[in-house]
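Numbered according to this note's numbering, the sequence shown spans residues 168 to 530. What follows is a short report on a single structure.
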Amino acid sequence: MKRTPLFQPFITNLEMRLVKKALKSGNLSRGPFVESFEQKFAEFVGCRFAIAVSSGTAGLDICLKALGIAQNDEIITSAYSFVASANCILYQKAKPVFCDINPTNGLINTRNIKKQLSNKTKAILPVDIFGQKCDLSTIRKFGLPIIVDACESFGAPILPGALAHVYGFYPNKQITTGEGGMIVTDDEDFATKLRSLRNQGFKKSKDYLNEIDIGYNFRMSDINAALGVAQLQNTKRILNKRRKAAFFYAKALCKTNEVQPVLDERDCNISIFNYPIICKSVAVRDSIIKEFTKNNIEHSLGFPPLLDFKYIERLADAKSSDFPNTKKFAQRLLCLPIFTSISKRQIKRIVRSIEQGIKNAQG
C-alpha cells in the first residue's frame, strides 16, 4: 500500500531554477539571494527588518543573547512546545519558567503568566503552536520584552506587541529552505545586534578588531536563501492549498464526536502548519494509530510536554504534573498528514482509517 507522508515540501521548477542559479554563481554563502530573501520576507510580513539565520533555533538563541539574558535570569514560556523553545533559554544559562496551556488549542494560557512573574523575569517567549497566534494584547501589558516563537505560524498576520518574531523553515513548515530561519523586528538597534551575533560578532566598523564581541556562525547560505526566494513567490498558492485541505478535513471529521480538530480553519489569523486533532481518549488515539500503521499513513503524536524531558525538569526545577492541561493535551493529540499537494483522495483514506479506528475502540 502506498505511503501517505506526514509532510512533503512543495518544490516547483522555480525552486530548481533559482537554486541552480545560486550554485552556478559561485556565491554559495553571503551572496545576493540572502539579501533578497530578507528584503522580500520583511515586505511579506510587514516588518522593517528581517535577519536570515541557519535555523529557527539559532534565531531564538541570538534573540535572547541580544537581550542580554544571562545566568539566573528567568524567561516565561509555554509548557507545550518543541524543545528549542526551552533550549534557547538554557543556552543562556537562564531558567525557563513554564505556564500551562489552554486545553483546547495548546497555546499558552495568558492568565497564568502573572502568577509566574518575579523580579528575575526578563522576557516572555510565547509559542505560536500549530500555526495559531498567541494573544499578545494580554502579554504586552506586563511591560517585558516579547520574543515570539513563530516557527510554525508563517503566513499568519503578525500581531503587535513583540520585539521580534522568529520563523523556522524546516521541510515540514509552510515554506522551506531545507534548514534555515528568519527573525523579523521593527527595532533597528536590535536588528543590528542580531546581524552581528549571527556573523561571529563582527560589526560594520573600521575599528572592527577592537569592537568585535563574541558571536556565532548562524548565517544562512545563498543556496538555502535561493530556495526561500522561490518559496515566497509560491506562498499564496501554498497557503491556499493547505487551508483548503484543512477545510476538507474539518468537513469530513464533523460526523464524529470521538475526535475534535484543534484548528479553526475559518480563522484568518492562523496558518495551517499541520492538522492536529484531540481524541476523546487515549484508547481512541491508540486504535486510530493502529489503523494508520496498517494503512501506511504517517502521523505524529505532536510534542511531549517539555517537562517530560528529564534535563529540562532538573534545570527548570519543576514537574510535568504541575501542568495538567499540558499533560492531558499531549496524551490525546494526534497530528494528521497535511501538505500543499495532498489530495482529497488521500484525505478520504485518512478519514476512513480514523473512522475504522474509532469503531475498533468502541468494540
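Cβ atoms here follow ideal geometry from the backbone N, Cα and C, with glycine treated the same way. The structure displayed is predicted, hence computed values, not measured ones.
Test item: CB-CB of residue i and residue j under 8 angstroms
i: A219; j: E205; result: yes
i: D267; j: L292; result: no
i: S508; j: F208; result: no
i: L140; j: F265; result: An answer regarding residue 140 cannot be provided, because it is not within the stretch 168 to 530 covered by the chain.
i: E319; j: I296; result: yes
i: G347; j: S222; result: yes
i: T244; j: T277; result: no
i: L195; j: I314; result: no
i: E432; j: R410; result: yes
i: T446; j: E465; result: Note that residue 446 is Cys in the sequence shown, not Thr. No, Cβ-Cβ distance for C446 and E465 is not below 8 angstroms.
Closest Cα partner of residue i within the set the options
i: N436; options: D267, I229, K262 and I325; result: I325
i: L361; options: A323, F385, K495 and A413; result: F385
i: G530; options: R512, S510, T493 and V451; result: V451
i: P312; options: E432, P504, T288 and K371; result: T288
i: G345; options: S388, P263, K411 and R184; result: S388
i: T171; options: I455, R516 and K526; result: R516
i: I256; options: A290, I280 and Q283; result: A290
i: D484; options: N492, I280, P491 and L473; result: L473
i: Y337; options: K191, A528 and T224; result: T224
i: L503; options: A323, D434, F369 and L430; result: L430
i: R499; options: K418, K461 and Q427; result: Q427
i: E522; options: I314, A419 and D228; result: A419
i: I236; options: F249, P491, Y247 and P263; result: P263
i: V518; options: K447, P327 and N462; result: N462
i: A413; options: Y442, E425 and I280; result: Y442
i: L482; options: P327, E432, N424 and E241; result: E241
i: K300; options: L468, D434, C446 and D475; result: D434
i: G395; options: L406, K191 and S203; result: S203
i: N492; options: L185, L227, N407 and I275; result: I275
i: K477; options: N254, R307, T423 and A528; result: N254
i: N366; options: R184, S192, K187 and R197; result: R197
i: L406; options: L468, L227, A323 and D354; result: A323
i: R307; options: N286, K281 and G298; result: K281
Close beta carbons around residue i, own chain, < 8 angstroms, minus the five adjacent residues each side
i: L181; result: A397, Q400 and N401
i: Q238; result: Q259, K260 and A261
i: G524; result: V451, S454, I455, I456, K457, E458 and F459
i: V449; result: Q498 and R499
i: Q513; result: T171 and P504
i: N527; result: S454, K457 and E458
Counterpart residues of residue i in DSSP-defined beta bridges
i: K262; result: E241
i: V220; result: G348
i: N384; result: N366
i: A290; result: I242
i: C446; result: V426
i: L501; result: I444
i: S320; result: Per DSSP, none; premise fails for S320.
i: Y478; result: BP columns for Y478 are empty, so no partner.
i: A331; result: I314
i: S467; result: C502
i: T460; result: DSSP lists no partner for T460.
Spatial neighbours of residue i in its chain, beta-carbon cut-off 7 angstroms, leaving aside the 5 residues before and after
i: T352; result: C214, F216, L330, A331 and A358
i: P471; result: A497
i: F321; result: Y334, K340, Q341, I342 and S438
i: K168; result: Here the sequence assigns Met to residue 168, which means Lys is not the residue at that position. Here the set comprises N462 and N463.
i: D302; result: T277
i: F490; result: A246, F265, D267, P472 and L474
i: S408; result: Residue identity check: residue 408 is Lys in the sequence provided, not Ser. These residues qualify, in order along the chain: T507.
Chain-order list of residues whose beta-carbon lies under 6 angstroms from that of residue i (same chain, five-residue window excluded)
i: F174; result: N339 and F506
i: A189; result: F200, D389, I390 and A393
i: V294; result: S245, S248, S252 and D316
i: D380; result: G368
i: I444; result: V426, P428 and L501
i: N279; result: C266 and D267
i: A417; result: P428 and E432
Assumed close pair residue i, residue j - CB separation to whole angstroms, cut-off 8 angstroms
i: F440; j: G273; result: F440 to G273, Cβ: 12 angstroms. No contact.
i: L364; j: A251; result: About 17 angstroms; that fails the 8 angstroms criterion.
i: L415; j: K511; result: The displayed chain sequence assigns Phe, not Leu, to residue 415. Confirmed, Cβ separation roughly 6 angstroms.
i: E480; j: S487; result: 7 angstroms
Within-8 angstroms CB hit, residue i to chain C
i: K360; result: Chain labels in this structure do not include chain C; a single protein chain is all it has.
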